[in-house]
Amino acid sequence: MLIVCDKLAFIVKAMSQSAKLRVILEDHDIRKLTLPLGIPSTVEELVSNVQDTFSLKGDFCLQYKDPDFDGQFVTLTTTEDVKDFKDRWPALFSESQIKDEFMRITTVNLERTFMTNLDAHMPKLLDLLKGKGGSAGTKIRPLLDSLAKNNDLDHRRDLVIRGLISYLGENGEDLLKDYQDMNEDDLSDSYINHVLKIIVRRQRVGVLTHVSIVIEGTEVLADCKTVAKACTLLMGLMYALHFKLSIQIEVHF
Numbered sequence: 033m034l035i036v037c038d039k040l041a042f043i044v045k046a047m048s049q050s051a052k053l054r055v056i057l058e059d060h061d062i063r064k065l066t067l068p069l070g071i072p073s074t075v076e077e078l079v080s081n082v083q084d085t086f087s088l089k090g091d092f093c094l095q096y097k098d099p100d101f102d103g104q105f106v107t108l109t110t111t112e113d114v115k116d117f118k119d120r121w122p123a124l125f126s127e128s129q130i131k132d133e134f135m136r137i138t139t140v141n142l143e144r145t146f147m148t149n150l151d152a153h154m155p156k157l158l159d160l161l162k163g164k165g166g167s168a169g170t171k172i173r174p175l176l177d178s179l180a181k182n183n184d185l186d187h188r189r190d191l192v193i194r195g196l197i198s199y200l201g202e203n204g205e206d207l208l209k210d211y212q213d214m215n216e217d218d219l220s221d222s223y224i225n226h227v228l229k230i231i232v233r234r235q236r237v238g239v240l241t242h243v244s245i246v247i248e249g250t251e252v253l254a255d256c257k258t259v260a261k262a263c264t265l266l267m268g269l270m271y272a273l274h275f276k277l278s279i280q281i282e283v284h285f
């Protein structure tokens, strides 16, 4: 959640009872503010915390990016708008709940339909990726080469999803963020930088250890197991919560 105050900006990340603020004083002066007791109950208290910590003078207002207005800045009038994302949607952050809600909305089995269609089209999609040239083909080539070392189904699904993103000329990091050999604390701290992202962690090259979904700096699904399954559940969340996402993510789905 992005908040701006004159020339300051904050991204709020709730972690249990505490909360972290990413404070942008200037373009190249970014700091972290930790609130051990979490986001205050009133805007006035939040303003006071910011003023005291950074010795700010004069009056200012806080603004945040409101998803109801396509991420445009809106003046903060209640701290409920910047509380932990999961606190605002407590009933839809388990795999079974997401699948049930998707079934209720669409009458379609989410995971079975996604995986069955992905697998059915995989041979033609792989041929399509193999024939791609130019800069996109250069990005796709290492993915295809990795099949020589790992040809299992989950890896092929991951490869096709990543390859299609490059094939369409898009930035893979708009959807997926890979981390290598990162400890739990550093990984958790990095979530604050992501509005909506599938996080993929590997402890060593080629060995997948953690796949999760992060929304507004908060890990909302922690054990997605594979990239394809994370994409499936993210699509279910989009339907269930009526997300209005950036065009980069909409194209992928």
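The opening residue of the sequence shown carries number 33 in the working numbering; numbering runs sequentially from there.
Don't be surprised by glycine CBs; every beta carbon is placed ideally from N, CA and C.
- Less than 8 Å separates the beta-carbon of Met-147 from that of Ala-260.
- Lys-229 has Val-246 as its beta-bridge partners, per DSSP.
- Residue pairing for Leu-240: DSSP places it in a beta bridge opposite Arg-234.
- Taking the Cβ atoms as the reference, Thr-258 lies roughly 7 Å from Asp-190, within the contact range of under 8 Å.
- In the DSSP assignment, Thr-107 is bridged to Gln-95.
- Here Val-192 carries a helix assignment [DSSP, helix/strand/coil].
- The beta-carbon separation of Thr-111 and Pro-72, rounded to 6 Å, stays under the 8 Å limit for a contact.
- The three-state secondary structure of Asp-100, taken from DSSP, is helix.
- Secondary structure note for Lys-89: it is in no alpha helix (DSSP H), with a DSSP letter that is neither H nor E.
- Cβ atoms of Leu-179 and Ile-172 stay farther apart than 8 Å, at about 12 Å.
- At a Cβ-Cβ threshold of 8 Å, Val-243 and Ile-231 count as neighbours.
- Ile-130 places its beta carbon less than 8 Å from that of Leu-269.
- Between Val-252 and Phe-125 the beta-carbon gap is near 5 Å, inside 8 Å, which marks them as a contact.
- Going by beta carbons, Gln-95 and Leu-108 fall inside the 8 Å limit.
- In the DSSP assignment, the residues bridged to Lys-209 are Ile-231.
- If the five residues before and after Cys-256 are omitted, its C-beta is found closer than 7 Å to the C-beta atoms of Val-243, Ser-244, Ile-245, Ala-262 and Leu-265, all from its own chain and listed in chain order.
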